[in-house]
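For reference, the structure discussed in these notes is given below.
Residue numbers (the working numbering): 2 to 243.
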């Protein structure tokens, strides 16, 4: 790996892997809480909303947070979600996510917390790496890159971070996959971390493996460099020599 590339990525990590990153990112919502269960619930639901226009994401995540009365665990256990998000209600809550979709999310979460477990406890019942465990719980395919779920896992598993929480200690940051979005994919291709522009699981694995060479045991630290710089400088080409 080119030493100049490592230096540049380290510089970008230093710029974006810090508390100031939180204010403009959806991760601000779970950061409103200190109780583990509230962080898990807010984190998962916020991550599921995290696609499309950033202003709209933050607006909708704020709406959901207010709907839960700023008390995610209490809301889940109260069952009020059954009225707010009726089963079979196909109307949109956010873009293609329907209220019925959220009924399903809340139903799964209720099953966890009503039994006295945490979400991490529930995921440990499934085999595989963190992404595979969470996909099994959510009943979605583990053969797609699952950007939103991998972002949530980064929040929960990475340690020693001002941005990520690191409250799940039975999963390893070394087993995380990069949350593959437009900015990460574009930057990784331009920097030669991958030879593919595809939004595929194989490309997410390829980029993660390249970052693991630079950040052993914590490849998703590189997510801050690729995403943060990609958002702020979408058109810049001369990354290394500037």
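Glycine included, each C-beta is placed from N, C-alpha and C at the ideal position.
Predicted model only: the values in this text are computed from it and were never measured.
Residue 222: which of 94, 179 and 193 sits nearest, CA to CA? 179
Would you call residue 60 buried or exposed, if buried means 16 or more other Cβ atoms sit within 10 Å of its Cβ? exposed
Residues near residue 224 by beta carbon distance below 7 Å, same chain, minus five either side: 155, 179, 180 and 185
Same chain only: Cβ atoms within 7 Å of residue 203, ignoring 5 sequence neighbours per side: none
CA-to-CA distance, residue 235 to residue 105, given in whole angstroms: 36 Å
For residue 212, I'd like the list of residues in its chain whose CB is within less than 6 Å of its CB, leaving aside the five on either flank, ordered along the chain. 220 and 223
Suppose contacts are defined by Cβ-Cβ distances below 8 Å. Is residue 77 in contact with residue 34 by that definition? no
Out of 134, 71, 84 and 125, state which residue places its alpha-carbon closest to the alpha-carbon of residue 108. 84
For residue 241, count the other beta carbons within 10 Å of its own beta carbon; 16 or more makes it buried, fewer makes it exposed. Which is it? Confidence in residue 241 is poor, its pLDDT being 47 and thus under 50, which makes the residue's placement too unreliable to answer from.
For residue 199, the three-state DSSP class (helix, strand or coil): coil
So, for residue 176: in the same chain, excluding its five sequence neighbours on each side, which residues have a beta-carbon less than 7 Å away from its beta-carbon? 130 and 131
Taking the continuous beta strand (DSSP E) assigned at residue 92, which residues delimit it? Per DSSP, residue 92 belongs to no beta strand (DSSP E) and is neither H nor E.
Opposite residue 99 in the DSSP bridges: which residues? 93
Can you find at least 3 beta carbon pairs, one from the stretch 89-105 and one from the stretch 118-126, that sit closer than 8 Å? no
So, using beta-carbon positions, are residue 226 and residue 146 closer together than 8 Å? no
Among the candidates 42, 53 and 92, whose CA atom is the shortest distance from the CA of residue 112? 42
Near residue 128, what residues of its chain come up, given a Cβ to Cβ distance below 7 Å and the 5 sequence neighbours on each side ignored? none
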